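The C-terminal residue of the sequence shown carries number 377 in the numbering used here, and the numbering is unbroken.
We treat Cβ as the ideally placed atom computed from N, Cα and C, and that holds for glycine.
These numbers were taken from a predicted model, which means no experiment stands behind them.
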Amino acid sequence: MIKLMKRTFWKIFWCFFLVLWKCIPLRRKALLLEQEPLHGALDWDRSVLLSVSSLQDIRRLRAAGSEPYTARWIAEDMRDGDCLYDIGASVGAYSFIAARAHKNITIYAFEPSAASFASLLANIARNGCGARVIPLSVALGERTGFTTFIYASLFSGATKQHGIKGVGALSDTRQVVYAWALDDLIVGAKLAPPTHIKIDVDGSEIMVMLGMLKTLAFPSVRLVQVEASQGKEGTAGTISEILTGAGFVLAETNRADNFRATDYLFRRASVI
Numbered sequence: 106m107i108k109l110m111k112r113t114f115w116k117i118f119w120c121f122f123l124v125l126w127k128c129i130p131l132r133r134k135a136l137l138l139e140q141e142p143l144h145g146a147l148d149w150d151r152s153v154l155l156s157v158s159s160l161q162d163i164r165r166l167r168a169a170g171s172e173p174y175t176a177r178w179i180a181e182d183m184r185d186g187d188c189l190y191d192i193g194a195s196v197g198a199y200s201f202i203a204a205r206a207h208k209n210i211t212i213y214a215f216e217p218s219a220a221s222f223a224s225l226l227a228n229i230a231r232n233g234c235g236a237r238v239i240p241l242s243v244a245l246g247e248r249t250g251f252t253t254f255i256y257a258s259l260f261s262g263a264t265k266q267h268g269i270k271g272v273g274a275l276s277d278t279r280q281v282v283y284a285w286a287l288d289d290l291i292v293g294a295k296l297a298p299p300t301h302i303k304i305d306v307d308g309s310e311i312m313v314m315l316g317m318l319k320t321l322a323f324p325s326v327r328l329v330q331v332e333a334s335q336g337k338e339g340t341a342g343t344i345s346e347i348l349t350g351a352g353f354v355l356a357e358t359n360r361a362d363n364f365r366a367t368d369y370l371f372r373r374a375s376v377i
């Protein structure tokens with residue numbers, strides 16, 4: 106009964122709010138959104154504030170609770186002078202965990218989605234992390250050159266973008282982008298070599314990894330975590346072949362709380 110009353114109350118409140126919102130002049134709405142942007146606290150460190158402009162952004166606030174194992178190795182395995190490549194950084198939740206846990210590291214946050222990248226920039230400024238979190242609006246792939254990035258959603262923090270793979274995608278929302286093989290980008294942009302790599306690219310992980318074979322051979326790289334799926338259409342087997350061939354061994358297998366896919370954590374065999 107109480108739940109029904111609460112549900113009814115919020116339905117009435119929401120209807121009232123929508124009517125009120127429609128009555129506000131467009132210019133006033135724009136000023137309101139500019140002056141009072143929404144933000145929420147990250148569950149790992151409440152002092153980290155992330156922009157909220159979608160339901161997906163709210164889910165990003167629970168990054169540590171969703172993947173406690175990821176937050177753990179970022180906080181415990183990295184040390185001064187290390188460099189994290191956060192590939193598929195979205196709005197930057199795990200990049201900020203790294204920035205808060207370590208004062209003398211470098212973090213490259215790679216995010217090709219326009220809306221998520223805009224939120225990433227705002228979050229870097231809001232949290233004063235510009236000296237450590239370096240954002241790159243870059244799509245990574247197997248080869249360097251122009252390609253098409255296909256969106257499944259234009260909301261900030263959205264997951265399951267079709268990306269540059271885009272096999273069978275029906276979306277009309279497409280963007281011509283200049284994609285980079287990570288091996289080429291490191292040389293061209295003079296990036297610091299990574300010590301830790303986190304890859305979460307919603308199905309494009311094989312293409313990304315085929316473009317970073319030279320990078321995986323860097324002796325500096327001690328840990329690689331890749332989100333992948335299993336089964337006939339999955340990419341886990343190929344990822345394992347690539348990383349074991351580069352001198353890594355599977356150290357952990359973890360499932361995120363949303364059960365979308367599995368995170369495979371590999372460590373370099375020579376440093377275990």
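| Check | Outcome |
| --- | --- |
| Closest Cα partner of Trp285 within the set Ser309, Gly316, Pro299 | Gly316 |
| Alpha-carbon to alpha-carbon, Leu348 and Thr367 | 16 Å |
| Distance between Ala168 and Glu141 (C-alpha atoms, nearest Å) | 24 Å |
| Own chain partners of Ile107 with C-beta closer than 7 Å, once the 5 adjacent residues on each side are dropped | none |
| Helix, strand or coil at Glu181 according to DSSP, with G and I counted as helix | helix |
| Residues bridged to Phe215 (per DSSP) | Ile192, Leu241 |
| Under the three-state DSSP convention, the category Asn209 falls into | coil |
| Element boundaries [alpha helix (DSSP H), containing Ala341] | 341–350 |
| Beta-bridge partners of Phe260, as assigned by DSSP | According to DSSP, which records beta bridges pairwise, Phe260 is partnered with nothing at all. |
| Simplified DSSP state of Thr320, which is helix, strand or coil | helix |
| Cβ shell of Ala203 (< 6 Å), same chain only, five flanking positions each side left out | Ile179, Leu189, Ile212 |
| Segment limits, alpha helix (DSSP H) that includes Ser156 | Run containing Ser156: none in the alpha helix (DSSP H); it sits in the beta strand (DSSP E), 154–156. |
| Spatially closest choice to Asn359 from Glu332, Thr340, Ser375, Ala374, by CA coordinates | Glu332 |
| Sub-8 Å separation of Thr113 and Asp187 beta-carbons | no |
| Identity of the residues DSSP links to Leu254 by a beta bridge | Looking at the sequence shown, residue 254 is not Leu but Phe. Answer by DSSP bridge pairing, in chain order: Gln280. |
| Spatially closest choice to Gly342 from Glu310, Phe323, Arg327, by CA coordinates | Glu310 |
| Start and end residues, alpha helix (DSSP H) containing Thr113 | 107–128 |
| The segment 116–125 touching the segment 190–210, judged by at least three CB pairs closer than 8 Å | no |
| Residues that Asn303 bridges to, as DSSP identifies them | The sequence shown places Lys at residue 303, not Asn. Looking at the DSSP assignment, Lys303 forms a beta bridge with Asp191, Gln330. |
| Outcome for Tyr283 when other beta-carbon atoms lying within 10 angstroms are tallied against a minimum of 16 | exposed |
| For Asn359, the three-state DSSP class (helix, strand or coil) | strand |
| Alpha carbon of Met312 to alpha carbon of Leu137, nearest angstrom | 42 Å |
| Helix, strand or coil at Thr249 according to DSSP, with G and I counted as helix | coil |
| Whole-angstrom C-beta distance between Arg231 and Leu154, which should lie under 8 Å | 6 Å |
| Reduced DSSP secondary structure (H/G/I, E/B, other) of Ala374 | helix |
| Counted within 10 angstroms of its Cβ, other Cβ atoms place Lys295 as buried (16 or more) or exposed | exposed |
| Buried or exposed by the 16-neighbour rule on C-beta atoms within 10 Å, applied to Val376 | exposed |
| Chain-order list of residues whose beta-carbon lies under 6 Å from that of Leu287 (same chain, five-residue window excluded) | Leu245, Gly316, Met317, Thr320 |
| Check whether Ser156 and Ser221 have beta carbons under 8 Å apart | no |
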